[in-house]
Amino acid sequence: MIMSKKMVAEAEIICQQSIPPVIEVQYHLHNLNVDPVDVTAPSTPIFETISTDISRFESVVSCTETMKEAAINSSAVKSFPSIRSGSYADIGTRPSMDDAHIRIDDLSARLGSFFKWPSAFYAVFDGHGGPDAAAYIKRNAMRLFFEDARLPQTSDINDVFIEALVDSHRKAFLQADIALAEESSVSNSCGTTALTALVLGRHLLVANAGDCRAVLCRKGVAVDMSQDHRPSYLPERKRVEKLGGYIEDEYLNGYLSVTRSLGDWDLKLPLGASSPLIAEPDVQQLVLTEDDEFLIIGCDGIWDVISSQDAVSFVRRGLRRHDDPELCARELVTEASRLHSTDNLTVVIICFSSPSAVESCPPRRRRLRCCSLSEEARNRLRSLLEGN
Numbered sequence: 001m002i003m004s005k006k007m008v009a010e011a012e013i014i015c016q017q018s019i020p021p022v023i024e025v026q027y028h029l030h031n032l033n034v035d036p037v038d039v040t041a042p043s044t045p046i047f048e049t050i051s052t053d054i055s056r057f058e059s060v061v062s063c064t065e066t067m068k069e070a071a072i073n074s075s076a077v078k079s080f081p082s083i084r085s086g087s088y089a090d091i092g093t094r095p096s097m098d099d100a101h102i103r104i105d106d107l108s109a110r111l112g113s114f115f116k117w118p119s120a121f122y123a124v125f126d127g128h129g130g131p132d133a134a135a136y137i138k139r140n141a142m143r144l145f146f147e148d149a150r151l152p153q154t155s156d157i158n159d160v161f162i163e164a165l166v167d168s169h170r171k172a173f174l175q176a177d178i179a180l181a182e183e184s185s186v187s188n189s190c191g192t193t194a195l196t197a198l199v200l201g202r203h204l205l206v207a208n209a210g211d212c213r214a215v216l217c218r219k220g221v222a223v224d225m226s227q228d229h230r231p232s233y234l235p236e237r238k239r240v241e242k243l244g245g246y247i248e249d250e251y252l253n254g255y256l257s258v259t260r261s262l263g264d265w266d267l268k269l270p271l272g273a274s275s276p277l278i279a280e281p282d283v284q285q286l287v288l289t290e291d292d293e294f295l296i297i298g299c300d301g302i303w304d305v306i307s308s309q310d311a312v313s314f315v316r317r318g319l320r321r322h323d324d325p326e327l328c329a330r331e332l333v334t335e336a337s338r339l340h341s342t343d344n345l346t347v348v349i350i351c352f353s354s355p356s357a358v359e360s361c362p363p364r365r366r367r368l369r370c371c372s373l374s375e376e377a378r379n380r381l382r383s384l385l386e387g388n
């Protein structure tokens with residue numbers, strides 16, 4: 001494939017929603033249909049009436065709160081955020097583009113009846129030693145992460161199902177690693193980091209092996225949903241050294257800048273043996289709330305020069321200006337380039353709700369320049385005002 005030298009947009013898997021988006025659920029007390037309390041009782045003494053009415057009112061309030069709480073708890077399973085996403089990729093200063101990414105806003109349309117709930121799927125892959133490993137995982141992602149998965153049949157997203165889903169994603173990373181070992185078209189010296197984000201109902205599940213990163217914006221505050229697996233991270237360093245590996249100049253065995261990846265079989269021990277370089281991901285999951293605005297997932301070219309909080313603040317300002325996640329992704333990549341990132345740059349932005357208001361630039365206040373008047377000028381002005 002021939003790519004331009006500058007600002008190359010990575011091919012992406014985009015599945016447009018085939019049905020209108022599910023309306024975002026909002027919870028208001030007045031939406032709960034509670035019959036009004038009849039406070040008239042002519043045959044009852046006045047104090048008894050007041051006491052009875054207060055008791056009935058408290059009962060209605062208690063019932064209302066119970067209904068509201070039940071609705072919120074149910075929403076975690078049944079409701080689905082109104083998802084919009086955007087992505088952008090740039091070759092940067094590198095001679096080749098080794099990143100790849102996936103963007104599917106409507107996973108149900110892609111997989112048919114695999115999931116009984118609305119779902120979306122996103123991923124970023126940062127290849128090294130060439131683009132082949134990242135490209136292979138992208139091409140086979142649906143099979144590896146979903147079609148080969150064995151999940152319990154259930155009508156509800158309960159703890160048992162979530163536990164099975166987490167286990168399934170862990171196994172998918174390990175199976176992808178083995179598939180790269182067996183794939184003749186991918187060199188043993190080629191590998192990729194991988195980060196996936198699955199939205200299922202209101203559940204968000206992030207799996208990561210390597211130094212790609214996922215950051216959630218919660219009311220403007222950055223919440224890291226992944227851990228960079230680098231030799232500088234002390235738990236990873238200890239794990240590597242315990243298994244016989246070593247760190248030299250912040251590189252695993254003096255060669256690789258990450259401690260977890262898919263592929264790279266020239267650095268791994270034979271199948272079945274414990275290796276300092278592993279493919280097992282860390283998996284985090286949570287239930288999205290109305291405070292969760294968007295998720296940023298990106299390759300390390302972004303995070304080498306922009307902190308999680310700075311990225312969240314940057315994207316949040318962009319969304320409040322124009323409410324366009326695609327443009328925000330491009331702007332974030334451009335900002336990373338401006339800050340002299342030396343790597344390929346790939347980012348996906350997933351919005352769970354629209355910003356409260358699209359901000360317009362406020363008009364600039366005119367600054368009046370202060371000046372002093374001479375005594376003669378003041379006298380003339382006084383004469384004019386007095387009508388002389």
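Numbering (full-length UniProt numbering), first residue to last: 1 to 388. Every residue gets a Cβ at the ideal spot worked out from N, C-alpha and C, and that includes glycine.
Quick one: residues in its chain with C-beta nearer than 7 angstroms to the C-beta of serine 108, no 5 flanking neighbours on either side, listed in chain order?
Phe115, Pro118 and Ser119
Give me whichever residues DSSP pairs with alanine 89 in a beta bridge.
Alanine 89 is bridged to Thr346.
Using alpha carbons as the reference points, say which of Gln284, Thr192, Leu295 and Ile91 lies closest to residue 402.
Summary: the structure shown does not reach residue 402, with the chain confined to residues 1 through 388, and so no result is reported for it.
Local Cβ density within 10 Å of phenylalanine 57, reported as buried at 16 or more and exposed below that
Because the pLDDT of phenylalanine 57 is 41, which lies under 50, any placement of that residue in the model is unreliable, and the number read from its coordinates should be weighed accordingly. It counts as exposed.
Return the residue from the list Asp264, Leu345 and Arg84 that minimises the CA-CA distance to residue 398.
With the chain represented from 1 up to 388, any question about residue 398 goes unanswered, as that position is not in the structure.
Taking DSSP as the reference, what is the three-state secondary structure of asparagine 188?
coil
Pairwise C-alpha distance: phenylalanine 146 and leucine 271:
24 angstroms
Give the straight-line distance between the Cα atoms of aspartate 343 and methionine 97, rounded to the nearest whole angstrom.
9 angstroms
Buried or exposed for isoleucine 83, going by 16 or more other Cβ atoms inside 10 Å?
buried
Exposed or buried, what is glycine 210 when buried is set at 16 or more other beta-carbons lying within 10 Å of its beta-carbon?
buried
From valine 199 to threonine 334, what distance separates their C-alpha atoms?
27 angstroms
Cut-off 6 angstroms between Cβ atoms - residues of its own chain near isoleucine 278, not counting five sequence neighbours on either side:
Arg260
Given leucine 385, which residues of its chain have a CB within under 6 angstroms of its CB, disregarding the five upstream and five downstream residues?
none
Give the range of the alpha helix (DSSP H) segment to which phenylalanine 314 is assigned.
308 to 322
Coarse secondary structure for histidine 169, derived from DSSP in three states:
Correct three-state label for histidine 169: helix.
Contact belief for alanine 329 with isoleucine 297 at Cβ below 8 angstroms, rounded distance in angstroms
With 8 angstroms as the limit, alanine 329 and isoleucine 297 do not qualify as a contact, their Cβ atoms being about 10 angstroms apart.
Terminal residues of the continuous alpha helix (DSSP H) containing alanine 134?
Its alpha helix (DSSP H) spans residues 132 to 139.
Does the segment 217 to 225 come within contact of the segment 292 to 306, defined as at least 3 CB pairs closer than 8 angstroms?
yes
Spatial neighbours of leucine 373 in its chain, beta-carbon cut-off 8 angstroms, leaving aside the 5 residues before and after
Here the set comprises Leu381.
Could you say which of Arg237, Leu180 and Phe161 lies nearest to proline 131 if we only look at CA atoms?
When only C-alpha atoms are compared, the closest one is Leu180.
Taking C-beta to C-beta, are valine 315 and leucine 339 nearer than 8 angstroms?
No, the Cβ-Cβ distance between valine 315 and leucine 339 is not below 8 angstroms.
Indicate the three-state DSSP secondary structure (helix, strand or coil) for cysteine 217 in the structure shown.
strand
Across the segment 99 to 106 and the segment 121 to 141, are there enough close Cβ pairs to call them in contact, namely three or more that are closer than 8 angstroms?
yes
Exposed or buried, what is residue 393 when buried is set at 16 or more other beta-carbons lying within 10 Å of its beta-carbon?
Nothing in the structure corresponds to residue 393, since the chain is present only between 1 and 388.
Cα-Cα separation, alanine 336 to valine 347:
11 angstroms
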